[in-house]
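Student: Sharing a structure here in structure tokens format.
Number of protein chains: 2
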Amino acid sequence: MPTTGNLLSPKDLSIAIGVSESSLKRWTDRGLLQVSRTAGGHRRIDRNEAIRFVRARKMSLVRPEILGLPGSVAANPEIDLTTLENPDEAFLELMRRGHDLGARNHLFQRFLDGETIAALADGPIRESFDRIGELWHHGPEGILIEHRATEICVGLVIELSKMVRNDRAGPRAIGGAISGDEYKLPPLLTTAVLQEHGFRAVNLGPNTPIEVFELACFTDDPEQRPDFVWMSINDLPPEAPGLSSQVIDFAARCVEENLTLVVGGRTARELDFDRVPSIPVHGSMTEFAAFVEGWNAERN
Amino acid sequence: MPTTGNLLSPKDLSIAIGVSESSLKRWTDRGLLQVSRTAGGHRRIDRNEAIRFVRARKMSLVRPEILGLPGSVAANPEIDLTTLENPDEAFLELMRRGHDLGARNHLFQRFLDGETIAALADGPIRESFDRIGELWHHGPEGILIEHRATEICVGLVIELSKMVRNDRAGPRAIGGAISGDEYKLPPLLTTAVLQEHGFRAVNLGPNTPIEVFELACFTDDPEQRPDFVWMSINDLPPEAPGLSSQVIDFAARCVEENLTLVVGGRTARELDFDRVPSIPVHGSMTEFAAFVEGWNAERN
DNA sequence: AGAAAAATCATTCAAATCGTCCATTATCCC
DNA sequence: GGGATAATGGACGATTTGAATGATTTTTCT
Chain A
0 MPTTGNLLSP
10 KDLSIAIGVS
20 ESSLKRWTDR
30 GLLQVSRTAG
40 GHRRIDRNEA
50 IRFVRARKMS
60 LVRPEILGLP
70 GSVAANPEID
80 LTTLENPDEA
90 FLELMRRGHD
100 LGARNHLFQR
110 FLDGETIAAL
120 ADGPIRESFD
130 RIGELWHHGP
140 EGILIEHRAT
150 EICVGLVIEL
160 SKMVRNDRAG
170 PRAIGGAISG
180 DEYKLPPLLT
190 TAVLQEHGFR
200 AVNLGPNTPI
210 EVFELACFTD
220 DPEQRPDFVW
230 MSINDLPPEA
240 PGLSSQVIDF
250 AARCVEENLT
260 LVVGGRTARE
270 LDFDRVPSIP
280 VHGSMTEFAA
290 FVEGWNAERN
Chain B
0 MPTTGNLLSP
10 KDLSIAIGVS
20 ESSLKRWTDR
30 GLLQVSRTAG
40 GHRRIDRNEA
50 IRFVRARKMS
60 LVRPEILGLP
70 GSVAANPEID
80 LTTLENPDEA
90 FLELMRRGHD
100 LGARNHLFQR
110 FLDGETIAAL
120 ADGPIRESFD
130 RIGELWHHGP
140 EGILIEHRAT
150 EICVGLVIEL
160 SKMVRNDRAG
170 PRAIGGAISG
180 DEYKLPPLLT
190 TAVLQEHGFR
200 AVNLGPNTPI
210 EVFELACFTD
220 DPEQRPDFVW
230 MSINDLPPEA
240 PGLSSQVIDF
250 AARCVEENLT
260 LVVGGRTARE
270 LDFDRVPSIP
280 VHGSMTEFAA
290 FVEGWNAERN
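Protein sequences, first through last, are from chains A and B.
Be aware that the first sequence starts at 0, since it is given in this note's numbering, and climbs by one per residue.
Be aware that the second sequence starts at 0, since it is given in this note's numbering, and climbs by one per residue.
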């Protein structure tokens, strides 16, 4: 965790500008960068001095968020996001304002600090969209915020998923959100989590009919057949009761054919899986990730 | 070891391009390639700037992976794409089979060879989705292909758009697809083309009500007010005649308020803009890009 | 308060990069 | 083809960088 307050350690700043700690300390010794010292002789760099330094030398920043820059916090002095007790609140605020770079810096800092994609999905992302979703009913402004935030977040999740993807052969997974479910983010996040765990994951996206799931899963071509299927259910329209039984039929067939099916999403638990009790139903991405880890361990 | 992160050393890039370090340094000194400097005077090259450079100079990459880019197109043994006379056919075939890596190789190779995002949008991407769209009516298999291809392509376009984006201040653009238009790709491509031309572009995504456009465009906050608005119309439902006149009212108000509005998309020409003849309507991304270029030139 | 863990110190050294010069190769113009 | 011009790649000593070291300081935890 970067040093709190207004003083940076040499390591923090060296990470921010993507240079070795040794070099940074040499620069301070040459007087290129002012430092104060603790009683014990450790260097402490004032944030403003750090900003002056990178500006004066036109250096590019690898991780601007460490300086509290991306044009985000510094350009929006009205709200100092660092004072917010809950980091998820900061992300929400950035998304609400459509501040794409700030949101990217925030999310990526947490990712690089070790949070998994699943944790980010259940934390800042879900939190933000829960709150932003409430706005949606408050007229055009809510819709504007929701649309903008969704597009930004789609881009960020895709960027994250390309960072964790490895192209070696892993188990094949396929999935999507069912008919009538128009949410783009849950399938994307699920794909990202699977890629994080070494899968070759195919995303069918939102609003995918059951027939398409069946076709994709029960193909005769052994090259195409997946090892793992997931289904996201975030918006089960009440006017489609037939859909519910279709899903359960599909689940039953997956059990028959010995294919792992996992169901998740906000309204997934509303389905009655008593007929096929072996179908795991998850309420969060963290749960899902834990299951995937177990499945992977069992497989090897 | 290639430098980690987003900054390359001259040696890294020289190896990637397959050219001597001397030449590379000479190019930077002539300003052909932007570099930042460490405090000690060593050159550091931003990845996106490196990509811009090799593209502008039409150089071939000996080691593309150093820039995080795919290798040659030939990396697809299963499909011999070289026998296809039309390269767009090759892309279609890759998308049809859901071959994400192959599609990425193909698209990025052409991008590196100098094709603009607009050209790729009108070429392989539009071509493929025209053909894939026909399949859509042929039952589940068509839907499967279309869903999978869409998700792959969304990822690729986002990746491309992040390569051409520069974070310096440019004119602000905002836009999206109107109510009832659920296509995700056109707004994404439009955003990418605008970023390619230096805009700070905000994407409101598909299915955006007119009221949201009005709110976003005619806000009183001068910090938020865009310089440029675009609207994508790919699927005007005939049962919504009111929508048509709403769009035209919005266009009229844009003219009044001296805000540039551009309309595009498959069914855009079906609208009757006689009342506001100064609204440009485009049928292709190439046309749109040409207009944007002109607008930019006029502005400076 | 005190012990254990983590971060930082100053220093050293090999590898990378600097700027510059020069011989060789490619390109252009007649 | 021949000569002028520009671009390339390699070599040079000087400087900068990044990683490792063992000693010290700061932070964390009980």
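Glycine residues also receive a C-beta, built at the ideal position from the N, C-alpha and C atoms.
Note that this is a predicted model, so its numbers are computed, not measured.
Could you check which residue in 34/A, 233/A, 277/A, 290/A has the C-alpha nearest to that of residue 269/A?
Tutor: On the first sequence, position 270 is the one that residue 269/A refers to. That would be 233/A, whose Cα lies nearest to the Cα of residue 269/A.
Student: Could you give the residue range of the alpha helix (DSSP H) that holds residue 59/B?
Tutor: As a position in the second sequence, residue 59/B is number 60, starting the count at 1. Residue 59/B -> no alpha helix (DSSP H), and no H or E assigned at all.
Student: Taking a contact to mean a Cβ-Cβ separation below 7 Å, would you say residue 211/B touches residue 139/A in this structure?
Tutor: One-based indexing of the second sequence puts residue 211/B at position 212. One-based indexing of the first sequence puts residue 139/A at position 140. Taking 7 Å as the Cβ cut-off, residue 211/B and residue 139/A qualify as a contacting pair.
Student: Compare the Cα-Cα distances from residue 63/A to each of 246/A, 172/A, 102/A and report the closest residue.
Tutor: Start at 1 with the first residue of the first sequence, and residue 63/A comes out as number 64. Among 246/A, 172/A, 102/A, the Cα nearest to that of residue 63/A is on 102/A.
Student: Could you list the residues in the segment 283 to 294 of chain B with a C-beta less than 8 Å from some C-beta on chain A, going in chain order?
Tutor: none
Student: Distance, Cα to Cα, residue 128/A vs residue 208/A?
Tutor: On the first sequence, position 129 is the one that residue 128/A refers to. On the first sequence, position 209 is the one that residue 208/A refers to. Answer to the nearest angstrom: the Cα atoms are 25 Å apart.
Student: Taking its Cβ as the centre, do 16 or more other Cβ atoms sit within 10 Å of residue 17/B, making it buried, or is it exposed?
Tutor: Working through the second sequence from its first residue, we reach residue 17/B at position 18. Classification for residue 17/B: exposed.
Student: Are any of the Cβ atoms in chain B nearer than 7 Å to that of residue 146/A?
Tutor: The residue given as residue 146/A occupies position 147 in the first sequence. It does: the Cβ of residue 146/A has a partner Cβ on chain B nearer than 7 Å.
Student: Checking contacts by CB at 7 Å: is residue 142/A closer than that to chain B?
Tutor: By 1-based counting over the first sequence, the position of residue 142/A is 143. True, the Cβ-Cβ gap to chain B drops below 7 Å.
Student: Determine which residues of the segment 149 to 163 of chain B have a Cβ less than 9 Å from any Cβ of chain A, and write them out in chain order.
Tutor: Listed by position, the residues of the segment 149 to 163 of chain B near chain A (Cβ gap below 9 Å) are 149, 150, 151, 153, 154, 157, 158, 160, 161.
Student: Taking any Cβ of chain B, which residues in the segment 174 to 193 of chain A have a Cβ under 9 Å from it, in chain order?
Tutor: 175, 181, 183, 186, 187, 190
Student: Since residue 187/A contacts residue 202/A with CB under 8 Å, what's their CB separation in whole angstroms?
Tutor: For the purposes of this step, residue 187/A is taken as the residue at position 188 of the first sequence. For the purposes of this step, residue 202/A is taken as the residue at position 203 of the first sequence. With 8 Å as the limit, residue 187/A and residue 202/A qualify as a contact, their Cβ atoms being about 7 Å apart.
Student: Since residue 227/A is in the beta strand (DSSP E), which residue starts that stretch and which ends it?
Tutor: The count along the first sequence starts at 1 and reaches residue 227/A at position 228. Residue 227/A -> beta strand (DSSP E) spans 227 to 231.
Student: Grouping DSSP H, G and I as helix and E and B as strand, with all else coil, what is residue 298/B?
Tutor: Residue mapping note: residue 298/B aligns to position 299 of the second sequence, counting from 1. In the structure shown, residue 298/B sits in a helix (DSSP, three-state: H, G or I).
Student: Got a sec, what are the start and stop residues for the alpha helix (DSSP H) residue 155/A sits in?
Tutor: By 1-based counting over the first sequence, the position of residue 155/A is 156. Where residue 155/A is concerned, the enclosing alpha helix (DSSP H) stretches over 139 to 163.
Student: Could you check how far apart the C-beta atoms of residue 119/B and residue 106/B are, in whole angstroms? I think they sit under 8 Å.
Tutor: For this step, residue 119/B is matched to residue 120 along the second sequence. For this step, residue 106/B is matched to residue 107 along the second sequence. Going by Cβ atoms, the distance from residue 119/B to residue 106/B rounds to 6 Å, so yes, they are a contact pair.
Student: Taking only beta-carbon atoms, is residue 210/B less than 7 Å away from chain A?
Tutor: In the second sequence, the residue the question calls residue 210/B occupies position 211. For residue 210/B, the answer is yes, since a Cβ of chain A falls inside 7 Å of its Cβ.
Student: Residues of chain A with CB closer than 9 Å to the CB of residue 35/B, please, in chain order.
Tutor: As a working mapping, residue 35/B is identified with position 36 in the second sequence. Those are 56, 57, 58, 59, listed as they occur along chain A.
Student: Determine the burial state of residue 71/A: buried for a count of at least 16 other Cβ atoms within 10 Å of its Cβ, exposed for fewer.
Tutor: Looking up residue 71/A in the first sequence gives position 72. Since pLDDT at residue 71/A reaches only 29, below the 50 mark, its modelled position is unreliable, and no value is offered.
Student: Would you kindly report the start and end of the unbroken beta strand (DSSP E) that includes residue 104/B?
Tutor: For the purposes of this step, residue 104/B is taken as the residue at position 105 of the second sequence. Looking at the DSSP string, residue 104/B is not in any beta strand (DSSP E); the run it does join, the alpha helix (DSSP H), is 99 to 111.
Student: Alpha carbon to alpha carbon, how far is residue 263/A from residue 185/A?
Tutor: As a working mapping, residue 263/A is identified with position 264 in the first sequence. As a working mapping, residue 185/A is identified with position 186 in the first sequence. Spanning the two alpha carbons is a distance of roughly 9 Å.
Student: Determine the extent of the beta strand (DSSP E) in which residue 260/B is found, giving its start and end residues.
Tutor: In the second sequence, residue 260/B corresponds to position 261, counting from 1. Here the beta strand (DSSP E) through residue 260/B covers 259 to 263.
Student: Among all the DSSP beta bridges, which residues are the ones paired with residue 5/B?
Tutor: Against the second sequence, residue 5/B aligns to sequence position 6. None, per the DSSP bridge assignment.
Student: Looking at chain A, is there any beta carbon in it that lies within less than 7 Å of the beta carbon of residue 102/B?
Tutor: As a working mapping, residue 102/B is identified with position 103 in the second sequence. Closer than 7 Å: no.
Student: Look at residue 157/B and residue 157/A and say whether their C-beta atoms are less than 7 Å apart.
Tutor: Translated into positions along the second sequence, residue 157/B becomes position 158. Translated into positions along the first sequence, residue 157/A becomes position 158. The Cβ atoms of residue 157/B and residue 157/A lie closer than 7 Å to each other.
Student: Are residue 87/A and residue 151/A closer than 7 Å when you measure CB to CB?
Tutor: Here residue 87/A refers to the residue found at position 88 when the first sequence is read from its first residue. Here residue 151/A refers to the residue found at position 152 when the first sequence is read from its first residue. Contact flag unset, no.
Student: Is it buried or exposed, residue 194/B, if we count other Cβ atoms within 10 angstroms and call 16 or more buried?
Tutor: Position 195 of the second sequence, counted from the first residue, corresponds to residue 194/B. Buried: at least 16 other Cβ atoms inside 10 Å.
Student: Kindly say whether residue 299/B, judged by its beta-carbon, lies nearer than 7 Å to any beta-carbon of chain A.
Tutor: As a first step, residue 299/B must be located in the second sequence, where it is residue number 300. No - not a single Cβ of chain A is within 7 Å of the one on residue 299/B.
Student: Do residue 279/A and residue 227/A have their C-beta atoms within less than 7 Å of each other?
Tutor: In the first sequence, the residue the question calls residue 279/A occupies position 280. In the first sequence, the residue the question calls residue 227/A occupies position 228. No. Outside cutoff.
Student: Going by the beta-carbon positions, is the gap between residue 66/B and residue 44/B smaller than 7 Å?
Tutor: Taking the second sequence and counting its residues from 1, one reaches residue 66/B at position 67. Taking the second sequence and counting its residues from 1, one reaches residue 44/B at position 45. No, Cβ-Cβ distance for residue 66/B and residue 44/B is not below 7 Å.
Student: I want to check one thing, is the minimum distance from the CB of residue 209/A to the heavy atoms of the ligand SAM below 6 Å?
Tutor: In the structure shown, the ligand SAM is absent, as is every other ligand, since no ligand is present at all.
Student: Measure from the C-beta of residue 215/A to each C-beta in chain B and report whether the shortest distance is under 7 Å.
Tutor: Here the question's residue 215/A lines up with position 216 in the first sequence. At least one chain B Cβ lies under 7 Å of residue 215/A.
Student: Using C-beta distances below 6 Å, list every residue in its chain close to residue 32/B, excluding the 5 sequence neighbours before and after it, in chain order.
Tutor: For the purposes of this step, residue 32/B is taken as residue 33 along the second sequence, with counting starting at 1. Taken in chain order, the residues that qualify are 26, 52.
Student: Going along the chain, which residues of its own chain have a beta-carbon closer than 7 Å to the beta-carbon of residue 272/A, five neighbours each way excluded?
Tutor: Position 273 of the first sequence holds residue 272/A. Same-chain partners within the cutoff: 247, 250, 278, 280.
Student: State yes or no: is the C-beta of residue 285/B within less than 7 Å of the C-beta of residue 112/B?
Tutor: Indexing the second sequence from 1 puts residue 285/B at position 286. Indexing the second sequence from 1 puts residue 112/B at position 113. In this structure, residue 285/B keeps its C-beta atom at 7 Å or more from the C-beta atom of residue 112/B.
Student: Quick check: the Cα distance between residue 206/B and residue 30/A, rounded to an integer number of angstroms?
Tutor: As a working mapping, residue 206/B is identified with position 207 in the second sequence. As a working mapping, residue 30/A is identified with position 31 in the first sequence. C-alpha separation (whole angstroms): 56 Å.
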